[in-house]
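In the numbering used here, the protein residues as written are 1199 to 1304. Everything on this sheet refers to the single structure shown next.
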C-alpha cells in the first residue's frame, strides 16, 4: 500500500465514458486503480485511452480510498478548460510519448 505520484501534466483516461462526460458537461471524474496523488488546483493535459492529447482540464480534487470490494482506488474530479487544437494535440502527444508513455510500455 502506498501512493503513486502522477506525472504532473498528464491526466490519462482509461474509460471513454468518463472522457465523454467531461467534454460534454464541463465537469467530470475518473477512477484510477491504486492510491494516486494528483496536482489539485493545477491545469493539466487530458489524454484519451489511446494516449492522444485532447484537452486542458483543471484538477479540482481527488479522493484515494479502499472501495467496498477492498480495492485501492482514486477518484479524480476535474473541470474542462478547453479542447486542444490539432497542432497543440500533436505536440503534446509527441512530448508525452517521449517523456512518459513509452516508458510505461517497456
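Quick reminder that beta carbons are idealized off the backbone N, C-alpha and C, glycines included. The structure displayed is predicted, hence computed values, not measured ones.
Kindly indicate if chain C contains any beta-carbon less than 7 angstroms away from that of residue 1209. Among the chains of the structure shown, chain C does not appear; only one protein chain is present.
Can you list, in chain order, the residues of its chain whose CB lies under 8 angstroms from that of residue 1264, leaving out five sequence neighbours each side? Counting only Cβ-Cβ distances below 8 angstroms, and skipping sequence neighbours, we find 1270, 1271.
Under a three-way DSSP split, which group does residue 1199 fall into? Annotation note: pLDDT 47 at residue 1199 (below 50); position unreliable, coordinate value reported separately. Annotated three-state conformation of residue 1199 is coil, per DSSP.
Assign residue 1233 to one of three DSSP states: helix, strand, or coil. Annotated three-state conformation of residue 1233 is strand, per DSSP.
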